[in-house]
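For the sequence shown, the positions run 4 to 201 when my numbering is used.
Cβ atoms here follow ideal geometry from the backbone N, Cα and C, with glycine treated the same way.
Note that this is a predicted model, so its numbers are computed, not measured.
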Amino acid sequence: MKLKQYTVLFLCGILCLSLCSCKDKDTQQTPQEPTAASENAGENVSLFSRDTLPENTYDGVTLVMDSISAKAGEKEVPVRVMLFNNPGYINCGVRIYYGEGLSPLCESEDKTKCITGDASQGMMTVSAVDTAKRMIGFASAGAQAATNDGMVITVYFDIPSDAKSGTFYPLTLDIQDFKATRTDQLDPTLIQGGIQIE
């Protein structure tokens with residue numbers, strides 16, 4: 004049993020390292036810049052509550068990046084990646100690109116602080132951060148499929164103290180790997196998100 008866990012963790016680590024070191028220009032996203040608010044910017048952005056999951060109104064397998072509000076200078080703002088209509092998966096590799104000005108909360112120089120949730124229950128997980136690319140990499144793998152809907156991972160950001168009210172910091176999801184079996188690749192719909200300054 005221990006050998007199986009170590010094998011899964013090893014593969015998970017390799018996947019996460021490849022997420023952060025990939026040099027393929029075609030698959031690499033360019034981080035979006037924060038956008039200044041128009042007078043009606045708050046009306047154009049649908050924000051989720053930090054305390055509850057959004058209602059599942061999605062068709063098919065869907066990964067959702069959080070869209071939340073935060074105050075200028077706020078520390079450790081939790082941002083979730085959520086999974087809906089989960090058919091069951093055995094591994095995933097996700098990149099999160101974040102806007103200039105945001106600072107991810109890190110446990111070390113190359114590892115971000117993250118918490119896993121119901122949708123990654125029972126999985127071995129690993130995360131990494133590349134601040135030069137403004138990218139967080141997260142990978143999970145399991146001996147058995149994870150079948151729950153809900154939160155896959157929560158990461159944390161510090162907001163600049165000089166962030167202007169109405170500024171929107173985009174957060175972009177990029178899926179590198181998401182499999183139901185060793186050979187059956189899933190193709191989830193991606194809902195992008197961000198942080199809106201109050």
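task: Look at the alpha carbon of Ser164 and the alpha carbon of Tyr101, and state the distance between them as a whole number of angstroms.
output: The alpha-carbon atoms of Ser164 and Tyr101 are separated by roughly 17 Å.
- prompt: On the three-pair Cβ rule with 8 Å, is the stretch 118-126 touching the stretch 170-181?
  reply: These segments do not touch.
field: Environment of Ile156 [buried if 16+ CB atoms lie within 10 Å]
entry: Looking at its Cβ environment, which holds 16 or more other Cβ atoms inside 10 Å, Ile156 is buried.
message: I want to know whether the stretch 133-143 touches the stretch 63-71 - three or more CB-CB distances under 8 Å.
response: With the cut-off at 8 Å, the stretch 133-143 and the stretch 63-71 do not touch.
field: Neighbour-count burial assignment, Gln199, 16 or more Cβ in a 10 Å radius
entry: Counting Cβ neighbours within 10 Å, Gln199 comes out buried, since at least 16 surround it.
message: Here's a check: name, in chain order, each residue in its chain whose Cβ is nearer than 8 Å to the Cβ of Gly63, leaving out the five neighbours to either side.
response: If we look at Gly63 and ignore the five residues flanking it on each side, its Cβ neighbours are Asn88, Pro191 and Thr192.
message: Relative to the C-alpha of Cys95, which candidate in Ala144, Asp187 and Pro57 has its C-alpha closest?
response: Cys95 has its Cα closest to that of Ala144, out of Ala144, Asp187 and Pro57.
task: Enumerate in chain order the residues of its own chain whose CB-to-CB distance from Gly125 is below 8 Å, with the five nearest sequence positions on each side excluded.
output: Its chain contains Gly145, Gln147 and Ala149 as the residues whose beta carbon lies nearer than 8 Å to that of Gly125, once the 5 sequence neighbours on both sides are disregarded; these appear in chain order.
task: Keeping to the same chain, check which residues put their C-beta closer than 6 Å to that of Arg98; ignore five residues upstream and five downstream.
output: For Arg98, where only same-chain residues beyond five positions count, the Cβ hits under 6 Å are Leu22, Met138, Gly140 and Asp177.
- request: Look at the alpha carbon of Pro57 and the alpha carbon of Glu112, and state the distance between them as a whole number of angstroms.
  value: Those two C-alpha atoms are separated by around 32 Å.
query: Quick one: what does DSSP say Ala146 is sitting in, helix, strand or coil?
result: The three-state reading of DSSP puts Ala146 in strand, counting E and B together.
field: Proximity of Gly104 and Ala183 at Cβ, strictly below 8 Å
entry: For Gly104 and Ala183, no; Cβs fall outside 8 Å.
- prompt: Among Leu50, Gly196, Thr65 and Tyr92, which residue has its Cα nearest to the Cα of Arg185?
  reply: Selected option, being the one with the closest Cα: Tyr92.
message: By DSSP's criteria, Arg185 is part of a beta bridge. Which residues make up the other side?
response: Beta-bridge pairing by DSSP links Arg185 to no other residue.
task: Determine, using beta carbons only, whether Glu79 and Asp161 come nearer to each other than 8 Å.
output: Yes, they are a contact pair.
task: With DSSP as the reference, please indicate the residues paired to Met85 in a beta bridge.
output: Looking at the DSSP assignment, Met85 forms a beta bridge with Val67 and Met154.
field: C-alpha distance - Gln188 paired with Pro90, whole-angstrom precision
entry: Spanning the two alpha carbons is a distance of roughly 12 Å.
task: Taking only the alpha-carbon atoms, compute the straight-line gap between Gln195 and Gln179 and give it to the nearest angstrom.
output: Between the C-alpha atoms of Gln195 and Gln179 there is a straight-line separation of about 15 Å.
- prompt: Going by other Cβ atoms of all chains shown within 10 Å of its Cβ, with 16 needed for buried, is Thr60 buried or exposed?
  reply: By the neighbour-count rule (16 or more Cβ atoms within 10 Å), Thr60 is not buried but exposed.
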